[in-house]
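In full-length UniProt numbering, the protein residues as written are 1 to 308.
If you want it as structure tokens, here you go:
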């Protein structure tokens with residue numbers, strides 16, 4: 001099949017019609033399903049925070065939440081879909097990584113050297129993934145093709161090697177791995193101090209979300225890479241796997257990451273302590289002082305109970 005740039009339609013080889021129709025309709029059905037799930041989730045998910053004021057965390061939250069939906073909707077349209085969807089996925093991925101970075105830094109009491117290191121890495125990740133987006137759009141040459149002026153479909157004239165697609169996702173996996181290792185290392189110190197996470201429920205929330213996100217990224221990466229590779233030989237199966245690896249799903253997890261932490265603080269679920277984290281602290285992701293106070297209370301209790 002020969003595809004021309006977006007403005008002109010090329011002729012479709014009739015022998016390729018079955019695979020082409022199959023992959024096109026499958027992609028559209030899944031894309032509609034994704035849009036439905038994301039829209040439904042946005043209706044169920046409460047706005048966070050209630051009183052919006054422009055700070056970095058709140059901007060990132062809304063960017064993650066609505067750019068994911070925008071990217072899924074953009075995927076329903078031919079000429080509008082490719083670059084718009086890719087940029088939306090880029091915003092979603094970087095915003096979630098930024099949220100996770102802030103959570104990790106709070107566990108490390110806003111260590112300045114670590115903050116500089118992680119911020120440099122996320123900038124490198126953002127620039128690298130943006131470079132891949134530009135590369136893919138240039139190489140693929142997305143265009144339209146028609147069959148006897150009856151139906152017009154979108155497609156790519158060229159397909160980059162699957163190794164390039166793997167490199168794109170490896171960058172995200174590497175950064176997620178670094179954040180998870182840092183979070184687990186710090187959490188192990190609290191675990192040793194309190195013989196578990198009793199009194200440190202906020203830390204437990206952070207660790208659970210961090211691990212869940214990493215697993216989720218691995219699953220999406222596997223689907224995306226398999227779809228990228230198989231698309232070269234099996235159009236239908238490649239399209240199906242590529243759709244299941246849609247990064248739009250990550251925006252649901254991104255919203256939950258902040259909401260879980262906010263709920264943990266507002267409900268005062270710090271088991272074993274009488275300290276309740278202020279809403280402002282949780283909203284701004286700056287609960288390091290809260291963790292310190294929890295730790296001091298735990299240590300004071302141990303000291304009082306110790307034999308003289």
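Here a beta-carbon is modelled for each residue, glycine too, at the ideal position from N, C-alpha and C.
Fill in: Classification of residue 36 by the beta-carbon crowding that lies within 10 angstroms, buried from 16 upward
Locating residue 36 in the chain shown gives position 36, where the first residue counts as 1. By the neighbour-count rule (16 or more Cβ atoms within 10 Å), residue 36 is not buried but exposed.
Discussion item. Could you compute how far the alpha carbon of residue 133 sits from the alpha carbon of residue 93?
Written reply: Along the chain shown, read from residue 1 onward, the residue named residue 133 stands at position 133. Along the chain shown, read from residue 1 onward, the residue named residue 93 stands at position 93. Distance between the alpha carbons of residue 133 and residue 93 is about 13 Å.
Discussion item. Using a 10 Å radius around the Cβ and a threshold of 16 neighbouring Cβ atoms, would you call residue 124 buried or exposed?
Written reply: By one-based count along the chain shown, residue 124 stands at place 124. The residue in question, residue 124, is exposed, as its Cβ has fewer than 16 Cβ neighbours within 10 Å.
Practice prompt. Could you tell me the distance, in whole angstroms, from the CA atom of residue 29 to the CA atom of residue 168?
Written response: The residue labelled residue 29 in the question sits at position 29 within the chain shown. The residue labelled residue 168 in the question sits at position 168 within the chain shown. If you take the alpha carbons of residue 29 and residue 168, they lie about 26 Å apart.
Item to complete: Would you decide whether residue 177 is buried or exposed? Buried here means 16 or more other CB atoms lie within 10 Å of its CB.
Response: Residue numbering aside, residue 177 sits at position 177 when the chain shown is read from its first letter. It is exposed - the Cβ of residue 177 has fewer than 16 other Cβ atoms within 10 Å.
Worksheet item: Where does residue 246 sit, in a helix, a strand or coil, going by DSSP?
Response: In the chain shown, counting from the first residue as 1, residue 246 sits at position 246. Coil.
Worksheet item: Just checking my contact of residue 98 with residue 60 at CB under 8 Å: how many whole Å lie between their CB atoms?
Response: As a position in the chain shown, residue 98 is number 98, starting the count at 1. As a position in the chain shown, residue 60 is number 60, starting the count at 1. 5 Å between Cβ atoms; contact.
Worksheet item: Does the Cβ of residue 31 have 16 or more other Cβ atoms within 10 Å, making it buried, or fewer, making it exposed?
Response: Within the chain shown, residue 31 is the residue found at index 31, counting from 1. Buried: at least 16 other Cβ atoms inside 10 Å.
Worksheet entry | residue 86, DSSP secondary structure in three states | Reading the chain shown from its first residue, position 86 is the one you call residue 86. Reduced to three states, the DSSP call for residue 86 is helix.
Practice prompt. Reducing DSSP to helix, strand and coil, say where residue 110 ends up.
Written response: As a working note, residue 110 is residue 110 in the chain shown. In this structure, DSSP gives residue 110 a state outside helix and strand, which the three-state scheme calls coil.
Item to complete: Using alpha carbons as the reference points, say which of 66, 103, 166 lies closest to residue 314.
Response: What is shown of the chain runs 1 to 308, which leaves residue 314 out entirely.
Worksheet item: Which of the three DSSP states, helix, strand or coil, is assigned to residue 42?
Response: Counted from its first residue, the chain shown places residue 42 at position 42. Helix.
Fill in: Burial state of residue 163 (16 or more Cβ within 10 Å)
Numbered from 1 along the chain shown, position 163 holds the residue referred to as residue 163. Its Cβ having fewer than 16 others within 10 Å, residue 163 is exposed.
Fill in: Chain-order list of residues whose beta-carbon lies under 8 Å from that of residue 119 (same chain, five-residue window excluded)
Walking along the chain shown from the start, residue 119 turns up at place 119. Residues 101 of the same chain have their beta carbon placed closer than 8 Å to that of residue 119, with the five preceding and five following residues left out of the count.
Worksheet item: Looking at C-alpha atoms only, which residue of 73, 27, 91 is the closest neighbour of residue 39?
Response: Indexing the chain shown from 1 puts residue 39 at position 39. Selection 73, 27, 91 evaluated against residue 39 yields 73 as nearest (Cα-Cα).
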